[in-house]
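In our numbering, the protein residues as written are 1 to 346. Worksheet: the structure to be examined is printed underneath.
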């Protein structure tokens, strides 16, 4: 009798499990060639993860973002970058948000992040509102992913169906942040290698670099191009002349390291394909931008030209690549935790 009662329950469980895992096949949620190294599949991530536990999550995120970006349009780029810098270290686990403690050396102090990454107060505000609405339900890692998508949309860029269900790490990696985040003076081969290590390909590299269509960079990240690109006290010969002289006025040979310049001087607050057009004109701000065109490795140059010609194509690939990046080694199931505060472990 007990067995006959149990069988229907088991059938329902199997059907439910199957429905969840195959609800959205083929959308880049971890199946196939874009899964991270090691061939891991992250079918535990899916867009409806909070459908019942916190259905208002995205609305709360967007409400906070709308206010923050209206106040400071640059914040959109900062939040997009925060997600990128998180995912490239230990995977998309919100490790970048952890402060120094007795057991943690914060990634915020790493070279690519110190005095550079920002937007923590916006993430804190989103987390506080979500904790009021749905206590200990939405992870900080998912907040970073939602904030990156929302920031893109509010800047005029594409939307995408965002797989959710990441959990938060209990650790950070200062060393990982120092070694895994591509430097602004990277060669094209450096960039390709670092992206390939994360299971990302050339399309991902070029389209995600297109996120530089919004935001700014500090003088310290491009000073070498102006005064000593190859160790011979000469500027980078790929820099367009008038652009070069304009950058010199912002970034002197000594001092001024924190002076800023738009990554896309034509439309720095609008998410569009102008970034790629500027690369064609020799007006990429960072070495790591311009080498996408001039590096002569693989098909990155042809991708730059394609995205410069077709904004819709760029938007489509950027959306796919953001999903691919968000699939880098997420913590799911019983791994990690849902932090009450994004700055400290529970």
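Using N, Cα and C, we set each Cβ at its ideal position, and we do this for glycine too. Remember, predicted model here, so these are calculated numbers, not experimental data.
Item: With respect to the alpha helix (DSSP H) encompassing residue 197, which residues constitute its N-terminal and C-terminal limits?; Value: 188-197
Item: In terms of residue numbering, what span does the beta strand (DSSP E) encompassing residue 260 cover?; Value: 260-262
Item: What residues match up with residue 138 in a beta bridge as DSSP calls it?; Value: In DSSP, residue 138 forms no bridge with anything.
Item: Under DSSP, the beta strand (DSSP E) around residue 218 begins and ends at which residues?; Value: 216-218
Item: Based on DSSP bridge pairs, tell me the residues matched to residue 331.; Value: 167
Item: In the DSSP assignment, find the unbroken alpha helix (DSSP H) run with residue 241 in it and report its ends.; Value: 241-250
Item: In this structure, does DSSP put residue 337 in helix, strand or coil?; Value: strand
Item: Just grab the DSSP bridge partners of residue 50 for me.; Value: Residue 50 is not bridged to any residue.
Item: Assign residue 149 to one of three DSSP states: helix, strand, or coil.; Value: helix
Item: Whole angstroms are fine: how far does the CA of residue 73 sit from the CA of residue 205?; Value: 24 Å
Item: Given that a residue counts as buried once 16 or more other Cβ atoms are within 10 Å of its Cβ, and exposed if not, what is residue 323?; Value: buried
Item: Looking at the secondary structure, which residues open and close the alpha helix (DSSP H) in which residue 68 lies?; Value: 57-71
Item: Could you tell me whether the stretch 275-291 touches the stretch 236-248, using the rule of 3 or more Cβ pairs below 8 Å?; Value: yes
Item: Counting pairs of Cβ atoms below 8 Å between the stretch 124-143 and the stretch 190-205, do you hit three or more?; Value: no
Item: Using the three-state DSSP reduction, which class does residue 311 fall into: helix, strand or coil?; Value: helix
Item: Does the separation of the CB atoms of residue 77 and residue 215 fall below 9 Å?; Value: yes
Item: Here's a check: name, in chain order, each residue in its chain whose Cβ is nearer than 6 Å to the Cβ of residue 64, leaving out the five neighbours to either side.; Value: 125, 126
Item: Once you ignore the five residues that flank residue 79 on each side, which residues in its own chain have a CB closer than 7 Å to its CB?; Value: 119, 122, 147, 148, 151
Item: Using only the alpha-carbon positions, how far apart do residue 89 and residue 177 sit?; Value: 6 Å
Item: Would you say residue 283 reaches chain C, if we count a Cβ-Cβ gap shorter than 9 Å as a contact?; Value: Of the protein chains in the structure, only one exists, and it is not chain C.
Item: Taking the continuous alpha helix (DSSP H) assigned at residue 84, which residues delimit it?; Value: 75-87
Item: State the CB to CB distance for the pair residue 301 and residue 293, rounded to an integer number of angstroms; the pair is presumed to be in contact (CB under 8 Å).; Value: 5 Å
Item: For residue 129, which residues from the same chain have a beta carbon less than 7 Å from its beta carbon, with the 5 sequence-adjacent residues on both sides left out?; Value: 60, 64
Item: Is it right to say residue 250 is buried, meaning 16 or more other beta carbons lie within 10 angstroms of its own, or is it exposed?; Value: exposed
Item: Might you give, ordered along the chain, the residues of its own chain that have their beta carbon closer than 8 Å to the beta carbon of residue 332, omitting 5 neighbours on each side?; Value: 42, 44, 45, 165, 166, 167
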